[in-house]
Amino acid sequence: MKLELGCIKIRDIMFADKSEIRDGILYVNAKELEQIVLEDEQISAVGFDIARPGESVRITPVKDVIQPRAKVEGGGDMFPGVVTKVATVGSGKTHVLDGAAVVTVGKIVGFQEGIIDMTGIGADYTPFSKTNNLVVDFSPKENLTAHEYEKAIRVAGLKVAYALGKLGVNHTPDETKVYEYSSIIEGSKLYPDLPRVGYVMMLQSQGLLHDTYVYGVDMKLSLTTMLSPTEVMDGAILSGNCVSACDKNTTYHHQNNPVIEDLFAEHGKTLNFAAMIITNENVFLADKERSSDWSAKLVDYLDLDGVIISQEGFGNPDTDLIMNCVKIEKTGTKTVIITDEYAGREGTSQSLADADPLADALVTAGNANQVITLPKIDRVIGTLDYTEKIAGGFAGSLEADGSITVEIQAITGATNELGFNHMSAR
Amino acid sequence: MELLITNNPLAKSMLNEKYEVIHINSDLVGVLIYCRNKIHEGHKLLTHPLSGSIKPNENPYKSVILSKKTKETDTQSVKIIEEAIITAKKFPKIHINPQYDEDYRMIDVSLVVRE
Amino acid sequence: MVKEIERVGIPVVHVCTVTPISMTVGANRIVPAIAIPYPLGNPTLDVKEEKQLRRKILNTALVALSTEVDGQTIFEVK
Amino acid sequence: MKKFRVVHYINQFYAGIGGEEFADYKPEIRDGFVGPGMALTGAFGDKAEIVSTIVCGDSYFNENLEEAKKTILDMVRSVNPDIFIAGPAFNAGRYGVACGTICETVQKELNIPVITGMFEENPGAEMFKDKMLIVATRDSAAGMRAAVPTMANLALKLLNKEPIGASIEEGYLPNGTRVNFFDKERGSRRAVDMLLNKMAGKPFTTEYPMPDFDRVEPSPAVKDIKSVTVALVTSGGIVPKGNPDRIESSSASKFGEYDITGVNDLTADTYETAHGGYDPVYANADADRVLPVDVMRDFEREGIIGKLYNKFYTTVGNGTSTKNSKAFAADFAQRLKNDNVQAVILTST
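Protein sequence lines correspond, in order, to chains Y, H, B and E.
With our numbering as the guide, the letters of the first sequence map in order to residues 664 to 1089.
With our numbering as the guide, the letters of the second sequence map in order to residues -5 to 109.
With our numbering as the guide, the letters of the third sequence map in order to residues 17 to 94.
With our numbering as the guide, the letters of the fourth sequence map in order to residues 3 to 351.
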């Protein structure tokens, strides 16, 4: 499977009468987008706003972040199984609006998470302070259940990103990256002397607001399975996860999975990126056992020399992580795990909810309980009404001067467990 | 019947037929401690006590499903419940707005219902 | 704790309900106990029977202390 | 601007007095810097100066602990410094322990910041790394050039009350307190590099060490159980009724030592459990279910064991956390050894 990613650099987003990309600027006709969103009768109103890097803007509560992309060549279409029909993606050509993102906000339930600050100290902790963001704020029809509303917002955000991505189809990319993924046998013949490396990606799959969709399938209903890493770049994995803002994977994280990128960077040089495995994080312990058994079985069957395991979310996924790690180590395959820590505000509490001596190679995305004060910001997109309810916030966390004292777990993507950021802890 | 240990009235009304529901009038840690004692008596954890990625200080409700009583104490359950109690206790108390009680209850139940 | 005692050269027997935990904390001589809230007892028995049970476990503990081991060993109560 | 006042502590070797044969050198205070203090002074520039140097032999310090501590503390107090710096001690064990001990004392008694430096395997490092900042050094004095600017930099941060970054950035030994920092590489890249090293059998360093699961060799068996003293120890939290020492229910940082001379049976009126990790009903009704004094007394009377040790030790360890009870256990193990206890029965819930 070979995928060419053509990156069209976007340096700004502006509202205009005509939706188009010109000179690196994404012009957006909000009316057109509104029509697309309101096709879903469950959404009663939608608002659009723009947040640019460096602006004194705070976006909250963030639900998902999506990068606009579109298929140019090859099978299937973007966001298969949810926005477009089910068909295998991951080959041919895809155009990316690099530097742009769709950020969805909305109140699904009465406690809300996810802050993106476009400037100040908070901006250092979220990758989405560096993207030009089209913020989409949805209001539901009355009497919608949380399940219905969650789905409506999720799909509408993807539709907006899909529509914007389409604008780049006929543009010449500023930069093209090529990712090639071979079959097991072929890969071994190509790189007989390189260690065979896999990626085991754990996906949040616990229930309402905690789900991930793969080609439209709710991952908690799936066994551990495999796909090509290039499929992930074409939106095969989509976030339905609205909790634990700091260490959930937004759809943008899936589209730009850094483990996949960095394994491809070494592919054919120091290692052979042979397989990608996706597994779930269910609440029932029998599911945890079964899924981690299955990860280890696949790793063993594929005869991998080493794997990177990435986690998603807080708490019980620590158990899945350690199960995956231990069972895979016991097949004789070396593991490195990526996680984050909840070591308390002082940094002195136990960091993880599970541990094992076989987990001897761990990369941490930092302590999510670290407290920081976000300065007053000129403009809020969304609402601060729920600030004291934001994860890591506490009563009075919204100060009189407009600053907010929070744990960094309230910031979208702050301790992402794909290793998206530079933050670490010792 | 398997046991559902909960402080969530919604869990009781929704799952009363499927499980033997034991409703505990306590905070989240109290539910975990009750589960721990049951585990010591030979019940096994069927769901992870840190269900959901909502932090233990953000949602006051907790439902945990335990197996029928067995003769053995299940090591894994003992470890998981101990770690869960340690984890739950390390989060400081924050203000929880009773206005959203319904949401809290619904989220908690959704995590232990198999669809 | 077991390790610190063994480090000064005193043999120690760990009477413990959850023997896998005893293995992870590094005990070398392990005797399984009854239940977590009453490792050396059983409230469903009468006082005399319960003490007899406790004695059986402790007899096994003394056997463990008197037995050379070359790694982690579980001594089942007979 | 006023310069911060520094007192520097070094041993007889670094003062140029001599090696092992002069290790019983008594504490003395000298004006200004001595030996390695010169490099420190250079590193401080115009921000701080070493006003006095205290020199003490390693043997003298460790063999006359209380007196040495008192003398040195008085010396430090007399010059009224803003900070106290000891060493670096590199891999010299007794020097390291002396540096840690005197730093701890000064910090506690004079309430000023302290800093020292050691190689990670120096016994003093294990003893003191969570009590003060210990700069990580190489294992010999060849590491002086690297250690000095790190110590000076951290000292100035402490003096200016600036936030201290992560151990890996600042160069101190990891002390269990997790501090965030921004690494040069993103996490995924670090994971790939770590995996390449791990697969190749090359050294790699985890970013979060798992709890210590090391093993110890089994001690030899007791030859004749009939003639030895056996001690009871429990992690089940059994304490005299009323919990006189207020052992906390969930923290194994406190422990109890209780005399059981003349006690033949633990009853609901005399003993209970302080453990918060299990349902206490059964242990409170009869603590022998956790700490079997009754049967051990029978064994003693029947000659099955030599003697039951007249004290028991108790804590509330939950079995899964390994670090907290370590220091306590090392302490009572030594007491048991000194009292010629030859076998221990440890009960856990």
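Quick reminder that beta carbons are idealized off the backbone N, C-alpha and C, glycines included.
Remember, predicted model here, so these are calculated numbers, not experimental data.
Any idea which residues DSSP pairs residue i with across the strands?
i: residue 89(E); result: DSSP output for residue 89(E) lists no bridge partner at all.
i: residue 57(H); result: 0(H)
i: residue 939(Y); result: 862(Y) and 890(Y)
i: residue 1086(Y); result: 184(E)
i: residue 796(Y); result: 714(Y) and 764(Y)
i: residue 678(Y); result: 691(Y)
i: residue 194(E); result: DSSP output for residue 194(E) lists no bridge partner at all.
i: residue 355(E); result: Residue 355(E) lies beyond the residue range present for chain E, which begins at 3 and ends at 351; the question has no answer from this structure.
i: residue 683(Y); result: 690(Y)
i: residue 174(E); result: 137(E)
i: residue 873(Y); result: 904(Y)
i: residue 867(Y); result: 944(Y)
i: residue 802(Y); result: 708(Y)
i: residue 1030(Y); result: 1004(Y)
i: residue 758(Y); result: 669(Y) and 733(Y)
i: residue 13(E); result: 58(E)
Going by C-alpha distance, which of the options is nearest residue i?
i: residue 81(E); options: 53(E), 134(E), 240(E) and 91(E); result: 53(E)
i: residue 12(E); options: 213(E), 211(E), 86(E) and 56(E); result: 56(E)
i: residue 742(Y); options: 790(Y), 854(Y), 699(Y) and 896(Y); result: 896(Y)
i: residue 1110(Y); options: 772(Y), 973(Y) and 1041(Y); result: Chain Y is shown from 664 up to 1089; residue 1110(Y) falls before or after that span and cannot be answered.
i: residue 279(E); options: 9(H), 29(H) and 38(H); result: 29(H)
i: residue 51(H); options: 81(H), 32(H) and 33(H); result: 81(H)
i: residue 88(B); options: 220(E), 61(E) and 152(E); result: 220(E)
i: residue 125(E); options: 100(E), 315(E), 105(E) and 116(E); result: 100(E)
i: residue 842(Y); options: 913(Y), 1025(Y) and 668(Y); result: 668(Y)
i: residue 198(E); options: 935(Y), 791(Y), 1068(Y) and 990(Y); result: 935(Y)
i: residue 784(Y); options: 1082(Y), 1066(Y) and 966(Y); result: 1066(Y)
i: residue 45(B); options: 51(B), 37(B) and 52(B); result: 37(B)
i: residue 73(B); options: 34(E), 38(E) and 292(E); result: 292(E)
i: residue 916(Y); options: 1019(Y), 694(Y) and 1083(Y); result: 1083(Y)
i: residue 139(E); options: 240(E), 313(E) and 147(E); result: 147(E)
i: residue 242(E); options: 226(E), 228(E) and 260(E); result: 260(E)
i: residue 755(Y); options: 690(Y), 855(Y) and 736(Y); result: 736(Y)
i: residue 960(Y); options: 927(Y), 910(Y), 996(Y) and 947(Y); result: 996(Y)
The alpha helix (DSSP H) spanning residue i covers which residue range?
i: residue 148(E); result: 146 to 161
i: residue 929(Y); result: 921 to 929
i: residue 99(H); result: 95 to 106
With a threshold of 16 other CB atoms inside 10 Å of the CB of residue i, please say whether the residue is buried or exposed.
i: residue 1055(Y); result: Because residue 1055(Y) carries a pLDDT of 46, less than 50, the predicted location of this residue cannot be relied on, and the following value inherits that uncertainty. Buried, by the Cβ-count rule.
i: residue 8(H); result: buried
i: residue 42(H); result: buried
i: residue 79(E); result: exposed
i: residue 964(Y); result: exposed
i: residue 321(E); result: Confidence at residue 321(E) is low in this model, with a pLDDT of 45, below 50, so its placement is unreliable and the value that follows should be read with caution. Result: buried.
i: residue 347(E); result: buried
i: residue 60(B); result: exposed
i: residue 104(E); result: buried
i: residue 92(H); result: exposed
i: residue 23(E); result: exposed
i: residue 4(E); result: exposed
i: residue 1059(Y); result: Note that residue 1059(Y) scores a pLDDT of 41, beneath 50, so its modelled location is shaky; the value from the coordinates is reported in the next line. The residue is exposed, with fewer than 16 neighbouring Cβ atoms inside 10 Å.
i: residue 186(E); result: exposed
Following the continuous beta strand (DSSP E) through residue i, name the residue where it begins and the one where it ends.
i: residue 76(B); result: Taken as a continuous stretch (DSSP letters only), residue 76(B) belongs to no beta strand (DSSP E), being part of the alpha helix (DSSP H) at 63 to 81.
i: residue 665(Y); result: 665 to 672
i: residue 40(E); result: Note, residue 40(E): premise wrong, no beta strand (DSSP E); alpha helix (DSSP H) at 39 to 46.
Of all Cβ atoms in chain A, is any one closer than 8 angstroms to the Cβ of residue i?
i: residue 298(E); result: Protein chains in the displayed structure are Y, H, B and E, and chain A is not among them.
Which residues, taken in chain order from the segment 190 to 214 of chain E, show a beta carbon closer than 7 angstroms to some beta carbon of chain Y?
Those would be 190, 191, 192, 193, 194, 196, 197, 198, 200, 201, 206, 208, 209, 210, 212 and 213, in chain order.
Short of 8 angstroms Cβ to Cβ, which residues in the segment 256 to 283 of chain E face chain H?
279, 280 and 281
Between the segment 47 to 81 of chain B and chain H, which residues of the former have a C-beta closer than 9 angstroms to a C-beta of the latter?
Shown in chain order are the members of the segment 47 to 81 of chain B whose Cβ falls below 9 angstroms from a Cβ of chain H: 51, 52 and 53.
Residues of the segment 29 to 40 of chain H in Cβ contact with chain E at a cutoff of 7 angstroms, in chain order, please.
31 and 34
Residues of the segment 881 to 912 of chain Y with a CB closer than 9 angstroms to any CB of chain H: list them in chain order, please.
881, 883, 884, 904, 906, 907, 910 and 911
Could you list the residues in the segment 981 to 1002 of chain Y with a C-beta less than 7 angstroms from some C-beta on chain H, going in chain order?
For the segment 981 to 1002 of chain Y, residues whose beta-carbon sits nearer than 7 angstroms to a beta-carbon of chain H comprise 982.
Return the residues of the segment 68 to 82 of chain H that lie within a Cβ-Cβ distance of less than 7 angstroms from chain Y, sorted by chain order.
74, 77, 78, 80 and 81
For the segment 911 to 939 of chain Y, list every residue whose C-beta sits within 9 angstroms of some C-beta in chain E, in sequence order.
920, 921, 922, 923, 924, 925, 926, 928, 929, 933 and 934
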